[in-house]
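Structure, as structure tokens:
In our numbering, the protein residues as written are -8 to 123.
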């Protein structure tokens, strides 16, 4: 059995090492090119899609922040992840050229794009207009 080790954090409280694979494994649902229509475009309400890749350090740093966002707003939004390496069609369709990138969908339409790593509080502030 593996023992849990303490994780060093940076000044923002994010894992200093980017969180590694453990941070990426979390509880957020992953979507694929094939499931995107049903999981995102076919949903009513607010859906946030995190376009990410395993090799992306800022994506690993942001993973626990998105977990917190989902937990804090579970009744009002869905936060989903899409690995751009495994699902290039959706990455191309939405013009993903920099990651992490969050697309915010309301009733299947993109209403906001957030590029770059951010804390849960920063993302929540960006989403405030959709959370009322």
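Just so it is clear, CB atoms sit at the ideal spot from N, CA and C, and this is done for glycine as well.
A quick note: this is a predicted structure, and the numbers were derived from the prediction, not measured.
Run of the beta strand (DSSP E) containing residue i, from where it starts to where it stops
{"i": "residue 100", "result": "100 to 106"}
{"i": "residue 71", "result": "68 to 74"}
{"i": "residue 114", "result": "No beta strand (DSSP E) holds residue 114; the alpha helix (DSSP H) holding it covers 111 to 122."}
{"i": "residue 32", "result": "That residue, residue 32, is in no beta strand (DSSP E); it is neither H nor E in DSSP."}
Alpha carbon of residue i to alpha carbon of residue j, nearest angstrom
{"i": "residue 68", "j": "residue 108", "result": "19 Å"}
{"i": "residue 92", "j": "residue 49", "result": "10 Å"}
{"i": "residue 40", "j": "residue 76", "result": "15 Å"}
{"i": "residue 95", "j": "residue 79", "result": "19 Å"}
{"i": "residue 122", "j": "residue 70", "result": "13 Å"}
{"i": "residue 90", "j": "residue 105", "result": "10 Å"}
Buried versus exposed call for residue i [16 or more other C-beta atoms within 10 Å across all chains shown]
{"i": "residue 87", "result": "buried"}
{"i": "residue 29", "result": "exposed"}
{"i": "residue 101", "result": "exposed"}
{"i": "residue 51", "result": "buried"}
{"i": "residue 54", "result": "buried"}
{"i": "residue 32", "result": "exposed"}
Cβ separation of residue i and residue j, assumed to be a contact under 8 Å, to the nearest whole Å
{"i": "residue 20", "j": "residue 43", "result": "Contact flag wrong, Cβ pair sits at about 13 Å."}
{"i": "residue 56", "j": "residue 110", "result": "5 Å"}
C-beta neighbour in chain C for residue i, strict 8 Å
{"i": "residue 103", "result": "The structure shown contains no chain C, having only a single protein chain."}
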